[in-house]
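Read top to bottom, the protein sequences are chains A and B. Be aware that the first sequence starts at 26, since it is given in this note's numbering, and climbs by one per residue. Be aware that the second sequence starts at 207, since it is given in this note's numbering, and climbs by one per residue. Ideal placement from N, C-alpha and C gives every residue a C-beta, glycine not left out. Remarks on the structure that follows.
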Amino acid sequence: MDDIKTVAVAGAGTMGSGISIVAARAGFETYLFDTSEDTIARARKQIEGFFAKSVAKGKLTEEQVSEILSRMHGTSKMEDLASCDLVIEAVFEDLNVKHDLLGRLNDVCPEHTIFASNTSTLSISEIAGGSGRSDRVVGMHFCLPAQLMKLVEMSPGLNTAEETFKKAWAFCESLKQKPVRTQDTPGFILNYFLVPFNNDVIRLIESGVAEPADVDRAIKKGLGYPMGPCELLDLIGLDTQVRLCEAFYEVTKDPRAACPPLLKRMVAANRLGRKTGQGFYNYEQNAMFGG
Amino acid sequence: MEYQVIKAEGESRSFPDGSEFMSNASESSEIVVLIGSNAGDALGALSDQESKRAILVELGTECLALHTGESRGREGSNILGFARFRLGNDAPSDLVELVCQPNSSEEAIDSAIQLFKEAGLEVSVCRDFAGRIIDRLVRPYYNEALRRLDEGLATADDLDLTLKLGLGYPEGPIELLERSGLADHHDVTKPLFEVYGERAYAPARRAIVAKQRTQK
Ligand SMILES: NC(=O)c1ccc[n+]([C@@H]2O[C@H](COP(=O)([O-])OP(=O)(O)OC[C@H]3O[C@@H](n4cnc5c(N)ncnc54)[C@H](O)[C@@H]3O)[C@@H](O)[C@H]2O)c1
Numbered sequence: 026m027d028d029i030k031t032v033a034v035a036g037a038g039t040m041g042s043g044i045s046i047v048a049a050r051a052g053f054e055t056y057l058f059d060t061s062e063d064t065i066a067r068a069r070k071q072i073e074g075f076f077a078k079s080v081a082k083g084k085l086t087e088e089q090v091s092e093i094l095s096r097m098h099g100t101s102k103m104e105d106l107a108s109c110d111l112v113i114e115a116v117f118e119d120l121n122v123k124h125d126l127l128g129r130l131n132d133v134c135p136e137h138t139i140f141a142s143n144t145s146t147l148s149i150s151e152i153a154g155g156s157g158r159s160d161r162v163v164g165m166h167f168c169l170p171a172q173l174m175k176l177v178e179m180s181p182g183l184n185t186a187e188e189t190f191k192k193a194w195a196f197c198e199s200l201k202q203k204p205v206r207t208q209d210t211p212g213f214i215l216n217y218f219l220v221p222f223n224n225d226v227i228r229l230i231e232s233g234v235a236e237p238a239d240v241d242r243a244i245k246k247g248l249g250y251p252m253g254p255c256e257l258l259d260l261i262g263l264d265t266q267v268r269l270c271e272a273f274y275e276v277t278k279d280p281r282a283a284c285p286p287l288l289k290r291m292v293a294a295n296r297l298g299r300k301t302g303q304g305f306y307n308y309e310q311n312a313m314f315g316g
Numbered sequence: 207m208e209y210q211v212i213k214a215e216g217e218s219r220s221f222p223d224g225s226e227f228m229s230n231a232s233e234s235s236e237i238v239v240l241i242g243s244n245a246g247d248a249l250g251a252l253s254d255q256e257s258k259r260a261i262l263v264e265l266g267t268e269c270l271a272l273h274t275g276e277s278r279g280r281e282g283s284n285i286l287g288f289a290r291f292r293l294g295n296d297a298p299s300d301l302v303e304l305v306c307q308p309n310s311s312e313e314a315i316d317s318a319i320q321l322f323k324e325a326g327l328e329v330s331v332c333r334d335f336a337g338r339i340i341d342r343l344v345r346p347y348y349n350e351a352l353r354r355l356d357e358g359l360a361t362a363d364d365l366d367l368t369l370k371l372g373l374g375y376p377e378g379p380i381e382l383l384e385r386s387g388l389a390d391h392h393d394v395t396k397p398l399f400e401v402y403g404e405r406a407y408a409p410a411r412r413a414i415v416a417k418q419r420t421q422k
């Protein structure tokens, strides 16, 4: 793409690191920005580990990887982002943090720079409201893990200029990603359907209709889904599901989005899923929860 | 494992005519499988019910209790319900939902699981509620997909593509409903709406229209 050559990813966490891999791999000069050099160093190590695996699998050569890595610049100095044509923010899911970041970036970056947000639950229009350039802000929601998943949900805020949206769309395609256009409504498409569906699953289990393993088997065998909903919830993390519920229910008041009591109890009992070794399944003993 | 099949009136959605499951059945057995769209009605004519290890009644959208009755939350016997999950006129899936009551016989449950497994199927055990597991979970999702299509959340193609790419679903909701039939979706979700009274089960506008068009 002609006008976008240099990009920045703000936030070197799970999503930001993945997105920076996608951008650098697609040939863009890529700055990965975070608040501390330590975080940057940790992210850089993980990114190098990812590319080492790409080489081992024969997807990339050593030469290609060193070329990609030479395009990646980690920094904790915001001034370094002054040459960027587009910044994707993937900082904490907190409106104040995003406003503060974009407000400061607005002073550093040139007029033409587009700000894209990877938010999962916040409104693009609301984020844009604190950016000082709401016509040049767009929603660009990557999926986890960003370095492997092709889908990007793109949504304009109320004030987003059509030209901004088009440029960001073309950029997304040049990343070799697959953008889909959606609206600035809670959860866009994916989470809008997934969060209440997962809550329904939890309520079904809570009301004693079936055990987690029976639900997972039914959904996988009956519908051909690659993962059962309880397996998926354990992977996402039950604490994350609580946060998604809270964010969506607050806006939509949809009863299906309300946090099921069982979910709250499981989080209170530190059964967060894979990350604590126990969720709907027990990962230490490979045994079932409940019964 | 030996089993006897009694074919009641009406085509079986789980084991359509000519299926191997029927040809592999014995003349008589202590496990009896009642199939057909009126399988539950044939239960009354079955003699010597208590002596059977298991009696498996094919269910439609109804609860097993319609055929067995219920008693203060203590119901349950050697009579179980079952259905192979099936979308519209698609071939039946390999998933059997096995319907139990609070005091169903463990021996009957174990026998049923073994029998269906030997027939190459997988079994999910569930309690006797409308929609069992899969319909109870997917019908709200299908209704919501149809509603959000009406509201312009995204094009039908983009809705489908997003769910396939994002979650690895083999098919998006709109293409799935077009293929398996919007009117059929209406017929499955409407009784669930009547039982649960939740808006999520109320047939979406597009499903109602499709149903009405079949009646024109
Ligand atoms: N994790 C997911 O599954 C997922 C999927 C899609 C979108 N998202 C969204 O992506 C964003 C990031 O999520 P994550 O899971 O990567 O979080 P994370 O906690 O792993 O990473 C966030 C990073 O942002 C950094 N950060 C915080 N404030 C900053 C600031 N002012 N300037 C620069 N860096 C700052 C933090 O140090 C941290 O490294 C959120 O908006 C989230 O909703 C997450």
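9 Å Cβ cutoff, B:S257 in contact with chain A: Within the second sequence, the letter at position 51 stands for residue 257 of chain B. With 9 Å as the cut-off, B:S257 does not count as an interface residue toward chain A.
Cα separation between A:N223 and B:P346? Residue numbering aside, residue 223 of chain A sits at position 198 when the first sequence is read from its first letter. Residue numbering aside, residue 346 of chain B sits at position 140 when the second sequence is read from its first letter. Cα to Cα, A:N223 sits roughly 12 Å from B:P346.
Could you tell me the alpha carbon to alpha carbon distance between B:K258 and B:R278, rounded to whole angstroms? Residue numbering aside, residue 258 of chain B sits at position 52 when the second sequence is read from its first letter. Residue numbering aside, residue 278 of chain B sits at position 72 when the second sequence is read from its first letter. For B:K258 and B:R278, the distance between alpha carbons rounds to 24 Å.
C-beta neighbour in chain A for B:F291, strict 9 Å: Here residue 291 of chain B refers to the residue found at position 85 when the second sequence is read from its first residue. It does: the Cβ of B:F291 has a partner Cβ on chain A nearer than 9 Å.
Those residues which DSSP pairs with A:Q208 across a bridge: As a position in the first sequence, residue 208 of chain A is number 183, starting the count at 1. In DSSP, A:Q208 forms no bridge with anything.
Using only CA atoms, which one of A:K84, A:H124, A:G83 and A:P181 lies nearest to A:E114? Counted from its first residue, the first sequence places residue 114 of chain A at position 89. For A:E114, the nearest C-alpha among the options comes from A:H124.
By Cβ distance, which residues of its chain are closer than 7 Å to A:V133, with the 5 residues on each side in sequence left out? Against the first sequence, residue 133 of chain A aligns to sequence position 108. Excluding positions up to five away in sequence, the list reads M103, E104, L106 and A107.
When A:G233, A:E198 and A:E178 are compared against A:D209, the one with the closest alpha-carbon: In the first sequence, counting from the first residue as 1, residue 209 of chain A sits at position 184. Comparing Cα-Cα distances from A:D209 to each of A:G233, A:E198 and A:E178, the minimum goes to A:E178.
Give, in chain order, every unbroken run of the beta strand (DSSP E) that is at least 3 residues long and sits entirely within the region 305–344 of chain B. DSSP runs (the beta strand (DSSP E)) wholly in the region 305–344 of chain B: 328–333.
What residues in its chain sit with their C-beta under 7 Å from that of A:R129, if we drop five residues either side in the sequence? The residue you call residue 129 of chain A lines up with position 104 of the first sequence. The residues are M103.
Any non-hydrogen atom of ligand 1 closer than 8 Å to A:N143 Cβ: As a working note, residue 143 of chain A is residue 118 in the first sequence. Answer for A:N143: yes, Cβ within range of ligand 1.
Cut-off 6 Å between Cβ atoms - residues of its own chain near A:R269, not counting five sequence neighbours on either side: Position 244 of the first sequence, counted from the start, is the residue given in the question as residue 269 of chain A. Checking the displayed sequence, the identity of residue 269 of chain A turns out to be Leu instead of Arg. Taken in chain order, the residues that qualify are V220.
Best match in A:A141, A:G249 and A:R206 for proximity to A:P153 [C-alpha to C-alpha]: As a working mapping, residue 153 of chain A is identified with position 128 in the first sequence. A small fix is needed here, since residue 153 of chain A is Ala in this sequence, not Pro. Comparing Cα-Cα distances from A:A153 to each of A:A141, A:G249 and A:R206, the minimum goes to A:A141.
Thinking just about the alpha-carbon of each residue, which of B:E350, B:G250, B:C306 and B:F227 is nearest to the one in A:E236? Position 211 of the first sequence, counting from 1, holds the residue named residue 236 of chain A. If we check each option's Cα against that of A:E236, B:C306 comes out closest.
Just mark B:R290 as buried or exposed, buried being the case when its beta carbon has 16 or more other beta carbons within 10 Å. Numbered from 1 along the second sequence, position 84 holds the residue referred to as residue 290 of chain B. Answer is buried; the Cβ neighbour count reaches 16.
Between the Cα of B:A336 and the Cα atoms of B:G403, B:E381 and B:K370, which residue gives the shortest distance? If you number the second sequence from 1, residue 336 of chain B lands on position 130. When each option's Cα is compared against that of B:A336, the closest is B:G403.
Just the C-alpha distance for B:S220 and B:L304, rounded to the nearest angstrom, thanks. Numbered from its first residue, the second sequence carries residue 220 of chain B at position 14. Numbered from its first residue, the second sequence carries residue 304 of chain B at position 98. Cα to Cα, the separation comes out at about 12 Å.
For B:V263, verify whether its CB is less than 8 Å away from any heavy atom of ligand 1. Taking the second sequence and counting its residues from 1, one reaches residue 263 of chain B at position 57. Checking every heavy atom of ligand 1 against the Cβ of B:V263, none is found closer than 8 Å.
Mind pulling the alpha helix (DSSP H) runs of 4 or more residues that sit fully within the region 148–236 of chain A? 149–154, 187–199 and 215–231
DSSP three-state assignment for A:A115, whether helix, strand or coil: One-based indexing of the first sequence puts residue 115 of chain A at position 90. Correct three-state label for A:A115: coil.
Using a beta-carbon distance below 9 Å, is B:S317 in contact with chain A? Your numbering for residue 317 of chain B matches position 111 in the second sequence. Not one chain A Cβ lies under 9 Å of B:S317.
Distance between beta carbons of A:T55 and A:V80, contact taken as under 8 Å: In the first sequence, counting from the first residue as 1, residue 80 of chain A sits at position 55. In the first sequence, counting from the first residue as 1, residue 55 of chain A sits at position 30. At roughly 19 Å, the Cβ-Cβ gap does not stay under 8 Å, so A:V80 and A:T55 are not in contact.
Along the chain, where does the alpha helix (DSSP H) containing B:R411 start, and where does it finish? Locating residue 411 of chain B in the second sequence gives position 205, where the first residue counts as 1. Start and end: R411 to T420.
Please check if any C-beta of chain B sits within less than 9 Å of the C-beta of A:M165. Your numbering for residue 165 of chain A matches position 140 in the first sequence. False, the Cβ-Cβ gap to chain B never drops below 9 Å.
Close Cβ partners of A:G36 (< 7 Å) along its chain, the five nearest in sequence each way excluded: Your numbering for residue 36 of chain A matches position 11 in the first sequence. Correct list, in chain order: D59, E114, A115 and V116.
Report the residue from B:G387, B:N349, B:D356 and B:D363 whose alpha carbon sits nearest the alpha carbon of B:A408. Along the second sequence, read from residue 1 onward, the residue named residue 408 of chain B stands at position 202. Comparing Cα positions, the closest option is B:N349.
Output the distance between the C-alpha atoms of A:K78 and A:A51, rounded to the nearest integer angstrom. Numbered from its first residue, the first sequence carries residue 78 of chain A at position 53. Numbered from its first residue, the first sequence carries residue 51 of chain A at position 26. One C-alpha to the other measures close to 18 Å.
Tell me whether the region 194–210 of chain A and the region 360–367 of chain B touch, counting them as touching only if at least three CB pairs, one residue from each stretch, are closer than 8 Å. yes
Counting only Cβ pairs nearer than 9 Å, list the residues of chain B close to A:Y250. Taking the first sequence and counting its residues from 1, the one referred to as residue 250 of chain A is at position 225. In chain order: L373, G374, Y375 and P376.
Coarse secondary structure for A:S142, derived from DSSP in three states: In the first sequence, the residue the question calls residue 142 of chain A occupies position 117. Note: A:S142 maps to strand in three-state DSSP.
Straight-line Cα distance separating B:L382 from B:K370: Reading the second sequence from its first residue, position 164 is the one you call residue 370 of chain B. Reading the second sequence from its first residue, position 176 is the one you call residue 382 of chain B. Approximately 11 Å, taken between the alpha carbons.
Where does A:N121 sit, in a helix, a strand or coil, going by DSSP? Position 96 of the first sequence, counted from the first residue, corresponds to residue 121 of chain A. Reduced to three states, the DSSP call for A:N121 is helix.
Establish whether the CB of B:L369 and some CB of chain A are separated by less than 9 Å. Here residue 369 of chain B is taken as the residue at index 163 of the second sequence, counted from 1. With 9 Å as the cut-off, B:L369 counts as an interface residue toward chain A.
Spatial neighbours of A:A312 within its chain, please: C-beta separation below 7 Å, excluding the five flanking residues on both sides. Counted from its first residue, the first sequence places residue 312 of chain A at position 287. For A:A312, the predicted model reports a pLDDT of 46, less than 50, meaning its position is unreliable; a value from the coordinates is still stated below. Around A:A312: no qualifying Cβ.
Within the present structure, is the beta-carbon of A:C255 separated from the nearest heavy atom of ligand 1 by less than 8 Å? Numbered from its first residue, the first sequence carries residue 255 of chain A at position 230. It does not: the Cβ of A:C255 is nowhere closer than 8 Å to a heavy atom of ligand 1.
If you follow the beta strand (DSSP E) that B:K370 is in, where does it begin and where does it stop? As a first step, residue 370 of chain B must be located in the second sequence, where it is residue number 164. Run containing B:K370: none in the beta strand (DSSP E); it sits in the alpha helix (DSSP H), A362 to L373.
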